[in-house]
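Novice:
Number of protein chains: 2
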Amino acid sequence: MATGGGAFKFYDKIREVLGVDVLREDEMECLIIGLDFFITEIPREVFTYSETDPMQFEEPRSDIYPYLLVNIGSGVSMIKVSGPREFQRVGGTSLGGGTLWGLLSLLTGARTFDEMLANAERGDNAKVDMLVGDIYGTDYGKIGLKSSTIASSFGKVFRMKREAEREAEDSGGLSKNDAGFLPSPTSPTSSAEPNPTSEVPEPESSSSSFNAEDISRSLLYAISNNIGQIAYLQSEKHNLSTIYFGGSFIRGHRQTINTLSYAIKFWSDGAKKAYFLRHEGFLGAVGAFLKRQPRNWGRRGSLEESGSGVGDRKGADGI
Amino acid sequence: MATGGGAFKFYDKIREVLGVDVLREDEMECLIIGLDFFITEIPREVFTYSETDPMQFEEPRSDIYPYLLVNIGSGVSMIKVSGPREFQRVGGTSLGGGTLWGLLSLLTGARTFDEMLANAERGDNAKVDMLVGDIYGTDYGKIGLKSSTIASSFGKVFRMKREAEREAEDSGGLSKNDAGFLPSPTSPTSSAEPNPTSEVPEPESSSSSFNAEDISRSLLYAISNNIGQIAYLQSEKHNLSTIYFGGSFIRGHRQTINTLSYAIKFWSDGAKKAYFLRHEGFLGAVGAFLKRQPRNWGRRGSLEESGSGVGDRKGADGI
């Protein structure tokens, strides 16, 4: 059983190279079947995040519809689920995991997602992002913006880079005051490294004045915040009070989960919560597996009944 | 008169260096006053975009409320305007002009926004973006996605880059088939340039296998699409049928206007339109100017009455 784009794209190849039959299942349908199974049947699976309790588990329950599933892979799909196998893709965004991986591999030289996440963990996004406080010197209370709010992701980069280049070009010529140049509000010049050896710095050399950790954290925040906001707005438009996040982008990574949770809480004024799953990357695979099993192939609650029903439990343990 | 973040941040500096008094006006209020003036009074100012008629002008009108203003500068603010000087910031996104300028200055070495836009004009985003067709080999009709839809912005980059690096590392060792490696669906290996001189390519050198034009177009699309989608969703949430776009990011640039228009049309199924202004970058400045003028300082319709009222027209011509 296979699902996802690859199940179609590589259908012939897999059969030929591996010498196996391939049963192709629709990706969205499998995702939903897998998710429904996890939500309704598996204890200690669904959780919400807070600083004090990073994994607060929800009890499995049966009254789950309707809900919004936000599946984050290379891109992002948002799916409204109204009942068993009843669903509709209501939106999504092309700014997803692939965007983060692609841009960070170009900008930081990180070679794996784990490396990128480790970088982000150590970074300070305020070094590259323009915060409300950088613009106004304070909160912009009149419209409800805190000084720590990110006004522009990577908003400090362009100005700092141009400044460093100007310095390199001027190299002892006009001073900034002579040129009528006002210092940037966002860039103490000490942190932008001029490149005195070249008049026109090469694009490749200039990213070195920004640090891989800060860049990684900024982009992780930007992508996660953006997904959170769009998910919230879609949930509003379609009257969905529960939002589940799944897909391989999340990977149990605390900062990502934290940012997505925060975004939902922020945008909904605390009215909505983001729900996560321990097996977020396996929804589709489990769904494809389940779809081909006879009904009631496993035994509900078998995980708790440790002394009984051993013979019935093979399937469930297999997951 | 000054408005915007700089009017607060540089208040002392401007007074001191330029030796002038500075009257600071609230940014949002000035934006709205300026916009209301343009919408209600100025002919050939507000326009919609279509391929066949890139500047279809709207007549000035007085029944303008409520509407949504999307102001795109370094960051993006979305403001619901319910009446004269009656407004509320309902949302925004940190993915704005500053993000585009910052990332493109790092990735392509472009040194001005105009250079970036010129690059984007010549680029092909399909070289770096993962399209629906790249994933499924075809449309994913079941959920309404065309094969040309962007599934993941920069979604091709990570895989292509890793492949080039693997080739450089393997340098004649294991062939891909021996390693059980399936060719990427999205990257004919010919277009990824291996770097045979180094085992671990430096981050700085590797972006050179992607071209500045393609990268620029991809990011321009990503940022504009994203703003368009969020603007549409906010307009739905707040029941606003008219969406104006303003701010220095747009700059009369056809591709940007095209993408924003397309996004609004796409997400609203054609029910809503994006409106643009010829003087998009000057809303706040004009608003600050107007705020300090006596009421009825200009003369309505004076632009058309070319033979009369010369004495009254100074103010209006000044704009």
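Protein chains in written order, with our numbering: chain A, 9 to 327; chain B, 9 to 327.
Backbone N, C-alpha and C fix where the C-beta goes; we use that ideal spot for every residue, glycine too.
#1: Taking any Cβ of chain B, which residues in the stretch 230-259 of chain A have a Cβ under 8 Å from it, in chain order?
#2: Give the DSSP bridge partners of A/GLY91, in chain order.
#3: Under 8 Å, Cβ to Cβ, is there at least one residue of chain B near A/THR197?
#4: Find the nearest neighbour of B/SER381 within the set B/LEU139, B/GLY100, B/GLU171, B/PHE166, judged by alpha-carbon distance.
#5: Between which two residues does the beta strand (DSSP E) carrying A/GLY254 extend?
#6: Give me the DSSP bridge partner(s) of B/MET138.
#7: Would you call the CB atoms of A/SER220 and A/ASN127 closer than 8 Å?
#8: Since I believe B/ILE40 is in contact with B/VAL30 (beta carbons under 8 Å), could you give me their beta-carbon distance rounded to a whole number of angstroms?
#9: State the Cα-Cα distance for the pair B/ILE223 and B/LYS164, rounded to the nearest angstrom.
#10: If you measure from the beta carbon of A/ILE143 to each beta carbon in chain B, is any gap under 8 Å?
#11: Which residue's Cα is closest to the Cα of B/ALA134: B/PHE162, B/GLY100, B/LEU26?
#12: Roughly how many angstroms separate the alpha carbons of A/GLY292 and A/LEU26, rounded to a whole number?
#13: If you drop the 5 nearest sequence neighbours on each side, which residues of the same chain put their C-beta closer than 7 Å to that of B/ARG225?
#14: Under 8 Å, do A/SER160 and B/SER102 count as touching if we go by C-beta distance?
#15: Measuring CA to CA, which of B/PRO68, B/GLU123, B/GLU37 is closest to B/ARG52?
#16: Please state whether DSSP places B/MET9 in a helix, a strand or coil.
#17: Starting from B/VAL165, find everything on chain A with Cβ-Cβ shorter than 7 Å and list it in chain order.
#18: Quick check on B/MET86 - is its C-beta less than 8 Å from some C-beta in chain A?
#19: Measure the beta-carbon distance from A/THR267 to A/SER232 and round it to whole angstroms, keeping in mind my assumption that it falls under 8 Å.
#20: Closest to A/ARG262 by C-alpha separation, out of A/ALA172, A/LEU125, A/TYR252, would be which residue?
#21: Mind checking which residues open and close the alpha helix (DSSP H) that includes B/TYR229?
#22: Kindly list, in the order they appear in chain B, the residues whose Cβ is closer than 7 Å to that of A/MET9.
#23: For the candidate residues B/GLU24, B/LEU115, B/GLY141, B/LYS281, whose alpha-carbon lies nearest to that of B/PHE65?
#24: Threshold first: 4 residues or longer. Then list the alpha helix (DSSP H) segments lying entirely within the stretch 46-75 of chain A, N to C.
#25: From the beta carbon of B/THR101, is the nearest beta carbon of chain A less than 8 Å away?
#26: DSSP state of A/GLY99, grouped into three classes?
#27: According to the Cβ coordinates, are B/LEU108 and B/GLY254 closer than 8 Å?
#28: By how many angstroms is the C-alpha of A/GLU24 removed from the C-alpha of B/ILE158?
#29: For A/LYS245 and B/ASP20, I'd like the C-alpha separation in whole angstroms.
#30: Chain A beta carbons: is any one of them nearer than 8 Å to that of B/PHE6?
#31: Could you list which residues in chain E have their beta carbon closer than 7 Å to that of A/SER82, in chain order?
#32: Decide if A/GLY13 is buried, meaning its Cβ has at least 16 other Cβ atoms within 10 Å, or exposed.
#33: Rounded to whole angstroms, what's the CA-CA distance from A/VAL294 to B/LYS154? Just pull it up for me.
#34: Could you tell me whether the Cβ of A/LYS280 comes closer than 8 Å to any Cβ of chain B?
#35: Between the Cα of A/ALA271 and those of A/PRO92, A/GLU35, A/TYR229, spot the shortest distance and give me the residue it belongs to.
Specialist: Quick look at the numbers:
#1: Listed by position along the chain: ALA230, ASN233, ASN234, GLN237, ILE238, LEU241, GLN242, GLU244, LYS245.
#2: In DSSP, A/GLY91 forms a bridge with A/GLU94.
#3: Residue placement at A/THR197 is poorly supported in this model, since its pLDDT is 32, which falls under 50; the coordinates still yield a value, given next. No - not a single Cβ of chain B is within 8 Å of the one on A/THR197.
#4: For residue 381 of chain B there is no data in the structure shown, the boundaries of chain B being 9 and 327.
#5: Segment 250-254, the beta strand (DSSP E) holding A/GLY254.
#6: Answer is B/SER160, bridged to B/MET138.
#7: Here the sequence assigns Ala to residue 220 of chain A, which means Ser is not the residue at that position. Cβ atoms of A/ALA220 and A/ASN127: closer than 8 Å.
#8: The beta-carbon separation of B/VAL30 and B/ILE40, rounded to 21 Å, does not stay under the 8 Å limit for a contact.
#9: Approximately 11 Å between the Cα atoms of the pair.
#10: Closer than 8 Å to some Cβ of chain B, the Cβ of A/ILE143 qualifies, so yes.
#11: Per the Cα distances, B/PHE162.
#12: Annotation: A/GLY292 to A/LEU26 spans about 21 Å, alpha carbon to alpha carbon.
#13: Hits under 7 Å: ALA128, GLY131, ASP132, ASN133.
#14: Contact: yes.
#15: Nearest of B/PRO68, B/GLU123, B/GLU37 to B/ARG52, Cα basis: B/PRO68.
#16: Looking at B/MET9 - three-state DSSP - the assignment turns out to be coil, as it is neither helix nor strand.
#17: Those within 7 Å of B/VAL165 in chain A are GLY110, SER113, LEU114.
#18: Using beta-carbon distances, B/MET86 does not count as an interface residue toward chain A, since no partner is under 8 Å.
#19: Between the beta-carbon of A/THR267 and that of A/SER232 there is about 4 Å, and that keeps the pair under the 8 Å contact cut.
#20: Looking at the Cα atoms, A/LEU125 is the closest of the given residues.
#21: 220-245 is the extent of the alpha helix (DSSP H) around B/TYR229.
#22: Against chain B, the beta carbon of A/MET9 has no neighbour under 7 Å; the closest one sits roughly 18 Å away.
#23: Of the candidates B/GLU24, B/LEU115, B/GLY141, B/LYS281, the residue whose Cα lies closest to the Cα of B/PHE65 is B/LYS281.
#24: For the stretch 46-75 of chain A, not a single whole alpha helix (DSSP H) run of length 4 or above is found.
#25: Cβ-Cβ to chain A under 8 Å: yes for B/THR101.
#26: Correct three-state label for A/GLY99: strand.
#27: Cβ atoms of B/LEU108 and B/GLY254: not closer than 8 Å.
#28: Approximately 30 Å between the Cα atoms of the pair.
#29: Approximately 46 Å, taken between the alpha carbons.
#30: There is simply no residue 6 of chain B to check, as chain B begins at 9 and stops at 327 in what is shown.
#31: Among the protein chains of the structure shown, namely A and B, there is no chain E.
#32: Buried, by the Cβ-count rule.
#33: Between the alpha carbons of A/VAL294 and B/LYS154 lies a gap of roughly 27 Å.
#34: Residue contact with chain B for A/LYS280: absent (no Cβ-Cβ distance below 8 Å to any residue of chain B).
#35: The option with the nearest alpha carbon to A/ALA271 is A/TYR229.
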